[in-house]
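Numbering (our numbering), first residue to last: 264 to 962. Cβ atoms here follow ideal geometry from the backbone N, Cα and C, with glycine treated the same way. A short write-up of the structure that comes next.
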């Protein structure tokens with residue numbers, strides 16, 4: 264490492280390497296050439312860097328070498344997305360254009376140092392005590408003399424800071440620049456020079472007035488320069504310089520909150536030369552002790568006739584670079600989602616969830632433009648236990664054990680279409696049952712959804728049982744076959760119950776009882792979903808998401824997701840949560856994103872909760888398609904217990920040799936199947952007869 268460069272960095276620890284072009288504009292060769300970068304939100308995306316700029320570096324190379332010395336004079340102190348940075352380039356040829364690389368988005372390794380960038384004096388005040396090595400002052404400093412957002416406070420009425428050394432001695436041309444905050448009653452900012460001949464005194468007032476001795480060495484004049492003074496309640500960057508070949512003082516004001524920039528040259532009208540040695544930097548110069556004047560930074564440098572030209576075209580990065588997960592060697596099975604499965608969303612404006620499983624990248628899932636839902640999240644649910652079609656309908660015959668007038672069991676199947684808003688089944692006691700008759704359309708129901716009414720008190724928990732029969736419930740002696748039971752919680756969302764049933768019953772009955780506080784039963788809707796041979800719990804180990812490239816809507820790709828599993832659609836277990844990868848380019852798997860989980864449990868229902876987007880959380884959320892996959896071995900692996908407990912699994916018996924282990928040979932009877940399993944692999948699967956006839960017994 265030479266003295267011209269800083270220590271190397273590991274560029275693998277940083278996300279972004281962009282560049283600016285620096286052009287020497289004076290037509291001269293330089294050693295230790297200082298260039299100034301002025302950043303704002305149009306040139307640099309501050310949201311992708313550390314809030315204090317501690318991870319931002321500058322280099323002549325992209326491999327982490329030739330790291331340039333730099334000084335961050337100002338970096339977003341008041342959340343204004345602005346920065347002023349000085350970099351020192353070891354050498355520049357006349358009119359040369361040099362590409363300087365800006366590296367950020369990683370390790371916090373601040374190397375900002377005002378003493379390394381080739382300036383005569385530089386300081387960005389970071390505490391209430393100005394550096395004794397650089398400044399002297401005539402007031403007692405305390406913690407009240409510093410503000411993290413604005414800088415060092417210089418009191419009113421004759422108080423100042425002054426460089427320790429004579430920084431201007433021997434300099435016939437020079438520049439003094441400062442960045443200071445004027446409060447809303449600020450009266451002036453004064454720079455009083457010391458020198459051997461024609462020492463200057465310049466006082467900037469609010470608005471357009473500047474009081475000075477530039478044209479009258481023995482006295483002072485007050486001139487009006489439009490917007491040439493300071494702006495109150497604003498930062499002001501003040502440039503004061505002298506260039507001997509033209510014998511002119513330059514006074515420039517920039518960086519104000521609303522004032523336009525002002526730039527004036529005033530020719531000296533005095534006898535002799537202008538020879539300065541140092542200066543006093545004053546706060547407000549009057550007797551108003553309530554004024555506040557904060558200095559963020561001050562620098563003194565050699566005069567340059569033409570400043571470096573900076574081209575920021577290649578610097579801006581619009582979106583964060585989140586890299587995809589590394590490629591793995593795991594063998595995955597096919598996508599197990601499809602349009603025939605039951606889908607729904609947790610939000611009415613949550614789009615059509617079936618479009619996620621339709622394998623059509625042009626027909627996308629798209630939410631409305633709700634900012635609240637962008638923050639809270641939209642849940643999209645796919646149910647591997649149910650067919651997508653709710654087979655209940657108000658036109659079927661319904662029965663119940665009793666109901667309040669106008670609130671019969673058929674209301675459970677009307678999808679909220681009652682013109683009078685009487686859309687609930689309401690009992691007249693803390694228990695009761697409702698039934699539906701599918702008549703000749705007998706259905707093998709393996710999924711049930713129930714939605715409780717909004718009027719139910721939040722403390723009410725209803726126990727239920729669900730059963731099927733071949734005869735109507737009004738007949739005595741009807742045999743009911745239990746299918747499911749559990750508890751309904753008081754929430755106005757669908758609650759799902761999953762069970763195994765291949766038998767097409769004509770009648771189904773839902774029995775409810777409030778054991779907690781003896782409230783009447785009131786339910787809003789139910790849904791019943793048919794059994795299909797492919798309905799089973801899934802052990803999802805990888806989720807794949809496709810941004811909408813076809814319609815150029817990648818910026819609306821969700822910024823964050825949470826994958827959750829459930830077996831009843833009410834209580835969820837988070838399996839994986841992650842910020843999404845940058846959706847604007849292709850990767851190993853083309854445009855698809857892959858997110859691998861550590862899930863080892865099968866679930867009937869999966870929910871993806873999407874939040875935010877890559878458009879600054881404004882607008883909507885759009886996903887072109889998704890896939891959910893299991894391990895390839897799931898096609899051959901067989902679980903004895905297919906659920907969270909034996910009752911749910913429906914396991915009736917397991918047979919094995921006395922010394923058999925997990926990898927031994929055994930038979931199991933689950934849900935009406937006789938399964939032969941060897942070394943965790945399903946060897947055969949045979950359906951058991953519902954009724955066994957022994958021909959040796961007289962019937």
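Residue i versus the options, residue with shortest Cα-Cα distance
i           : options               : result
residue 337 : 317, 367 and 366      : 317
residue 429 : 687, 543 and 416      : 543
residue 896 : 565, 595, 766 and 267 : 595
residue 753 : 790, 778 and 714      : 714
residue 631 : 625, 623, 640 and 624 : 640
residue 385 : 356, 757, 434 and 441 : 441
residue 211 : 567, 448 and 779      : What the structure shows of the chain is the stretch from 264 to 962, and residue 211 is not part of that stretch, so it cannot be assessed.
residue 791 : 625, 769, 626 and 540 : 769
residue 580 : 327, 303, 687 and 662 : 303
residue 587 : 859, 660 and 732      : 859
residue 522 : 541, 404, 675 and 490 : 490
residue 642 : 412, 651 and 612      : 612
residue 789 : 699, 507 and 327      : 699
residue 845 : 290, 818, 638 and 864 : 818
Buried or exposed by the 16-neighbour rule on C-beta atoms within 10 Å, applied to residue i
i           : result
residue 634 : exposed
residue 371 : exposed
residue 593 : exposed
residue 744 : exposed
residue 305 : exposed
residue 578 : buried
residue 869 : buried
residue 876 : buried
residue 599 : buried
residue 959 : Residue confidence is low: residue 959 scores 48 on pLDDT, short of 50, so the model does not pin down where it sits. No coordinate-derived value is stated.
residue 399 : exposed
residue 294 : exposed
residue 465 : buried
Straight-line gap, residue i to residue j (C-alpha atoms, nearest Å)
i           : j           : result
residue 773 : residue 670 : 16 Å
residue 272 : residue 280 : 12 Å
residue 473 : residue 467 : 5 Å
residue 862 : residue 821 : 22 Å
residue 367 : residue 894 : 38 Å
residue 410 : residue 315 : 15 Å
residue 278 : residue 837 : 29 Å
residue 309 : residue 343 : 10 Å
residue 801 : residue 855 : 22 Å
residue 765 : residue 705 : 11 Å
residue 269 : residue 354 : 15 Å
residue 834 : residue 813 : 36 Å
residue 605 : residue 815 : 29 Å
residue 908 : residue 691 : In this prediction, residue 908 scores a pLDDT of 42, lower than 50, which makes its location untrustworthy; the coordinate-derived value is nonetheless stated afterwards. In a straight line, the C-alpha of residue 908 is about 35 Å away from that of residue 691.
residue 545 : residue 420 : 9 Å
residue 283 : residue 576 : 7 Å
residue 347 : residue 500 : 11 Å
residue 850 : residue 625 : 20 Å
residue 627 : residue 852 : 19 Å
residue 904 : residue 644 : No answer about residue 904 holds up, because its pLDDT of 46 lies below 50 and its placement is not dependable.
residue 461 : residue 585 : 60 Å
residue 906 : residue 709 : Here residue 906 scores only 39 on pLDDT, less than 50, and its place in the model should not be relied on; the value that follows carries that caveat. Going from the Cα of residue 906 to the Cα of residue 709 covers about 15 Å.
residue 658 : residue 826 : 38 Å
residue 275 : residue 324 : 14 Å
Beta carbon of residue i nearer than 8 Å to that of residue j
i           : j           : result
residue 415 : residue 558 : yes
residue 352 : residue 296 : yes
residue 573 : residue 300 : yes
residue 505 : residue 537 : yes
residue 547 : residue 451 : yes
residue 746 : residue 762 : yes
residue 672 : residue 697 : yes
residue 866 : residue 828 : yes
residue 750 : residue 726 : yes
residue 286 : residue 360 : yes
Residue i CB to nearest heavy atom of the ligand COA below 7 Å
i           : result
residue 702 : Among the components modelled here there is no ligand, and therefore nothing to report on the ligand COA.
Residues bridged to residue i (per DSSP)
i           : result
residue 469 : 493
residue 805 : 859 and 892
residue 426 : 398
residue 775 : 695 and 727
residue 708 : 793
residue 557 : 416 and 444
residue 332 : 351
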